[in-house]
Structures are given as C-alpha cells and as structure tokens.
Ligand SMILES: Nc1nc2c(ncn2[C@@H]2O[C@H](COP(=O)(O)OP(=O)(O)O)[C@@H](O)[C@H]2O)c(=O)[nH]1
Ligand SMILES: [Mg+2]
C-alpha cells in the first residue's frame, strides 16, 4: 500500500457520492424549471418534484459503531473521521468513557453544539424519537470548533455520570437489584453510578458530515440493551454497522451477545455490516519478524471468524490508536501498518454503491412516474392537433355544406364526450369513497386504539403466554390493516385502469397505465420489528421481574412509535398515490374537452368565412411543432438525469469489482 498521509479514501468517495447527488438535484431542478416555463405544471406535479428534491437533500448515510465498552469505538471514529484536528475529538480512555449513545452529524443552519438529553427522561414513557422533537428538553453546550480544548471540554460531557440510589436506578430501568453482575454498575453504600445523559447529538461542521454522513457512537452492551431506540431503530436501520472486537480480549461472552442480538438478528451478515479487530498494535513485537507478527494477527482473525461464524476476509484487523497517531503525524508507514485504510475502503465499497443504487433507482422510479403523466398530456395534445389538421385539410376548396357536415360531426363528438364526462364525475365520487377507506386503514387513529388496547392487555398479563399473545395480537392487527389497505388500493387501481381504457377506446384519450400501490415495504418493516421484538422479548423475559416489566413497556412503546411512523409514511404515500393516479386522467379530460371546444369553434369560424381556413391551419402547424419540441426537450431532460444516475452506478460497481 502506498504510504500517503491522509488519503481519506472514504472521504473521497463520500465526496464523489455527494457530488453525484448534487448533480441529480441540478438535473431535476432543470426539469422543474422547464415544466414551469412551458406551463405544463400543476400543483400535484410541482409538489411531487419538490418532494423528490427535498428527499435528496435530506439523504444521509448512517454509520453505527457498535461494541462492548473499551473496544476502541471512539478511537476508531477519531482515526477514521477526525484526524485532521490533530488530536482526539471524542473522549477515549481506559474504562467507560462514552456513557450515552452519541449521534455526530451536521445540521445546516444550527450553531455547532453538543445537545444532551437528561437520563431522567427514561422515567417517562415517551420514546427517544419523541424527545428529539422537543429542543428545550435537551441541555445544550456550544462547540467552539476552532479551539481544541474547548472542543474536548464540550465533548467531555458525554462521559458524565452521577450517583443515585439503587431504587432510583431501578426505576430508570438501569439497575437490576437481583442481578448485580448483569448491571452496568455495582452498588456501594446503596448508591449506584449511572450515566448522566440518555442520548447526545453533536452538531459538528465537518466536511464528511456536511456531505450527509451521520456517525453513531454507542456505549457498551448494557446501554444498548436498555435503550429500545438503539435496538429497534438506530442500529438495524443504519446503512453500515461496524462491530468492533479487541485483539487483547478476543470474543468475550458480552461481545458474542451484542453480535447475536444486535448485529446479526436475522440470517447471514447483511451488506454494510463489518467487523473490525482493533488494537492489533498489542501484537506488534520488534523481536519478531513482520511475517511472524502477521501470522499471529491472522491466527487471531481466524479465531474470531470462527466464533462469529464468518469468513476470515470479513474481519478487518486494525489499530485505531496507531492510525490516529499516524494520520496526525503524517506517518505513512505507520498508517499502512495500522491497516485502517483497508477498513475505510471496505466501508466505502460496502456502503456507497448500495446507496447509489437505492437512491438512484428510487429517484428514477418517482421521476418516471411524474413525467409519464406529462408525456401523456403532450401526446394527447399532439394527436388532437394532428387530427384537426387532417380534418381541416379535407375542407380545402370544399363548399359550405361539407363544412356544415363537419361542424355537426365535431358537435356530436363533443356532446358524446360530455356524456362521458358524467360518468367521469360519478367515478370521481366512488373514487373518493374508496380513497377515504384506504386512508382510514392506514390512519394513525386506528393504530393508537390498537396500541392502547394491546398495552392494557400486556399490563394485565403476568405470564409469558399472556404477554406474547397481547403482542402477537397487536402485530396481527397491524398486518390486517395493511392488508385491508392493499386490497382497497388494488380495487382503486382496477377501477382506474378500466376507466383509462374506456376513455382511450371511446374518446381516443392517451392510454396510461397507473402504477399500483404496494404495501410490501411497510409489511417488511412491520415483520422486521416483530422479529426484533421477539428476539429481545426472550432476553428481557429472563431478567429479574422488577425491572423487566418497565423495560418491556419501553420496548413496546418504541415498537408502537415505529409502527406509527410506518403508518404515517404509508398514509402519506397512499395519499400521493391516489392523487397521482387521478391527476393524469383529470388533466387529459380537461385537455380533451378544451380541444373539442376549440375544434368546434374553428370549424364554425371557417363556416362563416372560408379564408379563415389557411390561417387556422398555419396556427395548428405552429402548435404541432411546438408540442413536438416539448416532447423532445422533456425526453432530453429525463435522459440527462437517467444517464447521470446510471453512469455513477456503473462506476461504483466497477470499483466494487476491482
Ligand atoms: N493499544 C491500543 N489501544 C487502543 C486502541 N484503540 C483504543 N485503544 C484504547 O482502548 C481504550 C478504550 O478506547 P475507547 O475508544 O474509549 O473505547 P470505546 O469504549 O469502545 O469507545 C482507550 O484507553 C484507548 O486508548 C488501539 O488500536 N490500540
Ligand atoms: Mg467510546
């Protein structure tokens, strides 16, 4: 490996990704402007395009560092991302330092700060996501990024603890009197040491964070197990999780527990899940040859791989500490020896192509859907013009009676279409009935009722069977709602498809196949939550009874909040979907009606004065050209976006293969 100081491969690739995303936004913006310029826009299209842009702006890459305490998580974060500060940014020392889960991110527009949520908030039932909405519940310390001491000072709050009575610690769900060995802390004089803060958010104006990287530093097993938000949401939903072992401790019982319960909760290791074997510098030995040392490290890797059930190549031996020193001092040889770049590279390789694919494909799918409606309008318009031109050219040199017949024909066509409109209006009212039903199935009110009922059932149950039944009932209800929504949307889809076909056949409107609404991704998220809940249910059930009910309640609340979020997203998506399904039909009907009126008018005018004919034909020729140009421009704008997405995906894939 080349001995280059600060190569920051991960940073470079992230920068590339972020540039790609800006490009994508620029392409969509150009399309947006063009649509407005051409007066093709309607409120629905505008809203959807704006949402697409907003979503790209908010796109983040979440990387979680998960391990038992003292494995070197904080040091690894320092070495990977913050070496240019020339010192440790996150506190890292022997013993427990990071006491609370810490998100490090960049919030544009807000001053750099450390925000801390007091641990006492655990006494209330609200899950962490709810607390995040209330700024004034957090204690905020400003961050002076320019000064190393001030930075270290503000971040040292992350390590704060306090002593409370054992009873209070139990109430907070942090101490299990019947099982002192399992607790984070051992009581001395009846008091227990607990973390002062429940969660921290560090807003830090750092280049990689500005590009959308969010780093999650976690404390050890105890804190992970007692904060449901970590277990059920932050860790499983992170785009990458780095699990850290230390060479001096090997795979301990608690390491294995974290691995099993928090990293590989379902099936084999997913993409974006990496294992680092840290502190290999402890095995460096000047008295032995480098080859002998390497063999020793490889042996250790082999043991870990075996215990975790992984291929050896998925474990990255590193020395976070030496890597940090090497980057700070610009020591290329030491950096190579620390092997950090291999981990950084693997992270980029795992994370970035997947992100490209996910974001790019989702974006293209949405865009296609929005522009298909526009295309249909332009097509209808173009065809109407061509028809009119054809009609008018047959009138050339014809006498008045031919023109009169033509007028009758167009008049009859308009009348027939207006009858069709009655049907359309009737359809609209059935449609809105179905739509209401659909949105009710996915309504948060429905869910709240279910959650209350299940909560009550859980409180009344004192045996595993009862608790399990209450929980299973809750998930079954949620699933039933989702499947009712799926059926309802299938009905709407069928109805609209039939209507589009009918209008196509009877009035020559452009045929348009609405995309179906799928509840699959919500079903999957609900399944995932149920699986996660079941895994933790067993762990919690084995705890002593005075703490387990409190923790189970917390877990349930977090599950219910997550599912509420799923409902909210599903509801919003459904709402967008019904609008998107109806909008092209409405626009086409309006457009077609307008064209029929115009046709009738122009034939009338020609009937009154034959010299109108050439002028009208000329006008139509111009319109025809304009519409053709619009189709061409729209295709070019979409093409540009598409090429941008695909090129980068190919690049990412080739890099992946290399
Ligand atoms: N020898 C050695 N010690 C390390 C390395 N990384 C971290 N440490 C030490 O391990 C201790 C715990 O590190 P820290 O980053 O606080 O661990 P965390 O609790 O997992 O965040 C500290 O004393 C670090 O200096 C390493 O690569 N080599
Ligand atoms: Mg730490």
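Numbering (my numbering), first residue to last: 304 to 961. Just so you know, even glycine gets a beta-carbon here, dropped at the ideal spot from N, CA and C. All values derive from a computational prediction rather than experimental measurement.
Query                                                                                                                                : Result
Straight-line Cα distance separating residue 582 from residue 485                                                                    : A caution first: residue 485 carries a pLDDT of 49, below 50, which makes its placement in the model unreliable, though a value can still be read off. The straight-line gap from Cα to Cα measures roughly 26 angstroms.
Cβ pair residue 384, residue 511 closer than 8 angstroms                                                                             : yes
Residue 386 Cβ short of 7 angstroms to ligand 1 heavy atom set                                                                       : no
Residue 401 beta carbon near ligand 1 (any heavy atom closer than 7 angstroms)                                                       : yes
Identity of the residue in 724, 674, 662 nearest residue 897 by Cα                                                                   : 724
Contacting residues, own chain, Cβ-Cβ under 6 angstroms from residue 941 (five flanking each side not counted)                       : 674
The stretch 594-604 touching the stretch 520-530, judged by at least three CB pairs closer than 8 angstroms                          : no
Cβ-based neighbour list, residue 541, same chain, cut-off 7 angstroms, excluding 5 preceding and 5 following                         : 365, 366, 367, 519
The stretch 810-818 / the stretch 884-892 touching (three or more Cβ pairs under 8 angstroms)                                        : yes
With 16 other Cβ atoms within 10 Å as the buried cut-off, status of residue 802                                                      : buried
Nearest-angstrom Cα separation, counted from residue 404 out to residue 613                                                          : 27 angstroms
Whether residue 379 touches residue 458 by CB criterion (8 angstroms)                                                                : no
heavy atom of ligand 1 below 7 angstroms from residue 624 C-beta                                                                     : yes
Cβ neighbours of residue 574 in the same chain (closer than 7 angstroms, five flanking residues each side left out)                  : 653, 657
Residue 579 - containing beta strand (DSSP E), residue span                                                                          : 576-581
Straight-line gap, residue 327 to residue 362 (C-alpha atoms, nearest Å)                                                             : 12 angstroms
Span of the beta strand (DSSP E) around residue 501                                                                                  : 500-506
Those runs of the beta strand (DSSP E) which lie wholly inside the stretch 338-417 and span at least 3 residues                      : 364-369, 405-408
Neighbourhood of residue 903 by C-beta distance below 8 angstroms, restricted to the same chain and skipping five residues each side : 710, 713, 714, 717
Distance between beta carbons of residue 629 and residue 638, contact taken as under 8 angstroms                                     : 4 angstroms
Residues near residue 698 in its chain [Cβ-Cβ closer than 7 angstroms; skip 5 each side]                                             : 705, 706, 709, 909, 916
Validate contact between the stretch 599-606 and the stretch 615-630 using beta carbons, cut 8 angstroms, 3 pairs                    : yes
Contact between the stretch 767-781 and the stretch 822-837 (3+ Cβ pairs under 8 angstroms)                                          : yes
Residues near residue 419 by beta carbon distance below 7 angstroms, same chain, minus five either side                              : 441, 442, 460, 500, 503
Beta-carbon gap between residue 467 and residue 424 smaller than 8 angstroms                                                         : no
Counted within 10 angstroms of its Cβ, other Cβ atoms place residue 733 as buried (16 or more) or exposed                            : exposed
Residue 592 Cβ short of 7 angstroms to ligand 2 heavy atom set                                                                       : no
For residue 505 and residue 862, the rounded distance between their alpha carbons                                                    : 26 angstroms
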